[in-house]
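Only one structure is covered here, and it is reproduced in the block below.
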Amino acid sequence: MAAERPGDDAFSLASDVSRAIAVSSDLDEMLSAIARRVAEALDVWECNIYEYRPETDSLVATALWASEITEDDRSWLGTVYPITDRPSYQHLLAERTVRERQADDPHVPAADKAIMEHWGERSVLSVPLVFQDEVIGALTLVEKRTPRRFTPDDLRLLELMAVPAAVAVHTARMFRREAEQTRRLGALLTASRAMSATIDLDELLATITHEAREALGTAECSINTYDPDTETMTVVAFEQRHPEPGWERWVGRVYSFDEFSFDRQILFGGEIVEERVSDPDMDDRNRADMLENGEKSFLNVPLVYEERPIGFLVFIETEVERHFTGEERQVAAALGEQAAAAIHHVQLLRQTEAQNRQLGLLLESTRAISSSVDLDDVLNTVARTAAELLGSQECQIQEYDAVANTVTPVTLWERDLYDGARDSIGQVFSLNEDPEERAFLEAGEVLEQRSSDPDLPESTRRSFDKYGDRAYLNVPLLFNGGPVGVLVLVERTRERHWTPDEVTLATALAEQAAVAIEHARLYKRVQDQAVTDGLTGLYNHRHFYERLEHEIARARRYGTPVSLLMIDLDDFKAFNDHNGHLAGDAVLRGMAAVLQSELRQSLDVAARYGGEEFAVILPNTPMAAPETQLEMDLAGRLLALRGGEEPPPPGHREGAEHVAERIRSRVAGTRFLGADGSMLPALTVSIGVAMFPVRTSSPEDLVGHADAALYAAKRAGKDRVETYG
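First residue of the sequence shown: 172, per my numbering; consecutive thereafter.
Shown next as structure tokens:
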């Protein structure tokens, strides 16, 4: 008996079994060898191996070895048992514990007792087979000769043997799956060869209908494909033995299962069905359609691939009522299998190509967005990608201001140039008369709108009418749970209904876009903070020197002047001591506002040099007003064109001294307001003016000369402008 075996013999037996698995190339032989060795090792009548299939929650009789094997035993192999019919195995697999059953045990479930009585089993011992923490089957010992009480040593040996048995069952499962996959690929290859290898769906369908009609010799043959989203069938291929004028009208015909409900039953029944116009129990709607079209008999072959209905292969007889023979039905079934596999293959290829295109565009978009910190570039990339991915004529992105309750179109991408919605870019639209749009934005929900919708907001209807649009898909751009804008896809050719997959794709892109937009805005804020003074909003000391170096370098290239104003608030320390630092800060902000209003935006450079001192760079501007300023600007532009570079900006025609005097006068006549709105005491400024290249070779020289002029103004009584040299 196995219970008397030494421990090392048990491990030796397990090693023998493992070696048998490793060297065996026949799966059935491998599993039978394991069953035999286990049965012999424990001296039982029989050993069975079951495979558990979780997808069907069932046990499959996979291997058997017995002292005497009967024909019933052999036919038992391959039997599938729902796990609910075998209570003991249900507990065994759920609890992953060894279970012993005795015929005389009154607690054995009735279903298990009936099976034991049927097979003449006295004692049964089962152990679960577990591989990588997954229950994949059971190993069962059966004793039919006499009742047997299994010992702890028997249990230990059985559990030990379960390890290589589990490996074997797992190996068998993998081989089976590989064989199934090979078989499917072989079927696809056969279909491709038989139907003349092509990846053009129209050509493939035409080939299939021709081959099928020829094979059964029918008057007509068609292929209809099934759309589960709309519950419709579409005739995608049609052939006649003797083509009649206008036969092409059949291709593209769409019919609904609401109208032809019996066809739905055939498709989902999965069985070939014959229909004859004289059959008394024929569906009335189908009979009426056959009579209208002069059809006598149908042979409907459901096209099913991996349990998924694809459509119908329909053989049509128009001359006589035909009864198809069993052999003809077999041929039709084989053609249907090939057709389903081939159609699935091409559809899958198209789907893969579409997905690859989508992924490629998304990847391109992601790279462009992640590599750009320019908000306009980000928005243009998002709009173009969204329109191309979803096949829309136009995509618009609007910014949303929750406080003002407005949206502002900021970007528009059009497939074809169109004089329409571009006139809306930059305009601010109030949502006060369009609460529906605000509601969907705040709710973060996608909103579809079509021109025929009876309950469209009046503002949206005006937009449809004005631009000739037919449908909108509005996708909110959400960041940190709040709306920052909306992405609008525009259809002009049809009242489009977007599929759930298309909505999901648009939403994913909108999420990516919202993050990218916020990152671009954040980057811009960080960049602004890096070069501006926090109190006044003017450029800071560091950026002032960068711009001064740039302007002097450009002046050297074009032989143009650069003037610099150094400005200092007179007696500012005494003002601060008397009025407080908050009042001083208000004056500094007011001084910045004066400079921004008196200077040219994007041309002149105003900076807070430090404390109460400011600096102003005036490119291409001499000290005093020259009579030849226009000629200087023109000469600079000509030089730039020849060198292919950006020309210097136009200078101040009145000269740097006049600009300085204008600033001084403006400050002297301004009463700044404190933080509490009160009027502050009047202040004045002293300004020093210097010009490159007069006795100047570097930015430091120019600053030094302007400083010297500033201090000359201070010494001369303040509230005045002095020039260097």
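We put the CB at the ideal spot given by N, CA and C, even for glycine. All values reported here derive from a predicted model rather than from experimental measurement.
What span of residues does the alpha helix (DSSP H) with residue i cover, start to end?
i           : result
residue 688 : 671-702
residue 635 : 629-638
residue 564 : Segment: none, residue 564 is in no alpha helix (DSSP H) and carries neither H nor E.
residue 606 : 606-614
residue 716 : 712-729
residue 794 : Unbroken run through residue 794: none, as it is neither H nor E.
residue 244 : 242-247
residue 837 : 827-839
residue 207 : 198-213
residue 580 : Note, residue 580: premise wrong, no alpha helix (DSSP H); beta strand (DSSP E) at 577-585.
residue 259 : 258-266
For residue i, I'd like the list of residues in its chain whose CB is within less than 7 Å of its CB, leaving aside the five on either flank, ordered along the chain.
i           : result
residue 292 : 274, 313, 315
residue 635 : 622
residue 706 : 756, 759, 760
residue 381 : 410
residue 865 : 896
residue 888 : none
residue 863 : 723, 726, 732, 733, 873
residue 855 : 741, 838, 839, 889, 890
residue 458 : 448
residue 843 : 757, 758, 761, 851
residue 833 : 769
Leaving out five residues before and five after residue i in sequence, what residues of the same chain have Cβ atoms less than 8 Å from its Cβ?
i           : result
residue 422 : 406, 407, 408, 409
residue 551 : 582, 584
residue 641 : 621, 622, 635, 662, 663, 664, 665, 666, 667
residue 257 : 230, 282, 283, 286
residue 710 : 702, 703, 704, 718, 776, 777, 778, 779
residue 250 : 231, 232
residue 254 : 223, 228, 229, 230, 260, 261, 264
residue 597 : 579, 580, 581
residue 445 : 468, 469, 470, 471, 494, 495
residue 453 : 446, 447
residue 774 : 790, 820, 821
residue 699 : none
residue 576 : 601, 602, 603, 609
residue 330 : 269, 298
What residue range is occupied by the uninterrupted beta strand (DSSP E) comprising residue i?
i           : result
residue 751 : Counting along the chain, residue 751 falls outside any beta strand (DSSP E), and DSSP gives it neither H nor E.
residue 457 : Here residue 457 belongs to no beta strand (DSSP E); instead the alpha helix (DSSP H) covers 455-464.
residue 886 : Segment 870-886 is the alpha helix (DSSP H) holding residue 886; no beta strand (DSSP E) there.
residue 861 : 856-863
residue 709 : No beta strand (DSSP E) holds residue 709; DSSP gives it neither H nor E.
residue 621 : 618-621
residue 425 : 425-427
Under the DSSP definition of a beta bridge, which residues are partnered with residue i?
i           : result
residue 224 : 229
residue 654 : 649
residue 471 : 444, 485
residue 395 : 406, 483
residue 893 : 859
residue 781 : 784
residue 738 : 785, 858
residue 850 : 844
residue 253 : 229
residue 601 : 577
residue 642 : 621, 662
residue 732 : The partner list for residue 732 (beta bridge, DSSP) is empty, contrary to what the question assumes.
residue 569 : 580, 657
residue 313 : 217, 295
Can you name, in chain order, every residue of its own chain whose Cβ lies under 6 Å from the Cβ of residue i, other than the five neighbours on each side?
i           : result
residue 605 : 628, 630
residue 681 : 646, 648, 658
residue 806 : Because residue 806 carries a pLDDT of 49, less than 50, the predicted location of this residue cannot be relied on, and no value is offered for it.
residue 566 : 554, 557, 558, 584, 660
Does the Cβ of residue i lie closer than 6 Å to at least one heavy atom of the ligand COA?
i           : result
residue 201 : Ligands in the displayed structure: none, and consequently the ligand COA is not present.
Complete beta strand (DSSP E) runs within the stretch 270-304 (minimum length 3 residues, chain order): Taking only runs of at least 3 residues, the beta strand (DSSP E) segments lying wholly in the stretch 270-304 are 270-273, 294-302.
Any 3 or more C-beta pairs closer than 8 Å across the stretch 877-884 and the stretch 736-746: With three or more CB-CB distances shorter than 8 Å, the stretch 877-884 counts as touching the stretch 736-746.
Segment contact flag, the stretch 411-419 with the stretch 429-441, C-beta cutoff 8 Å, min 3 pairs: No: fewer than three Cβ pairs fall under 8 Å.
Meets three-Cβ-pair contact criterion under 8 Å: the stretch 267-283 and the stretch 315-332: With a cut-off of 8 Å, the stretch 315-332 and the stretch 267-283 count as touching, because enough Cβ pairs lie within range.
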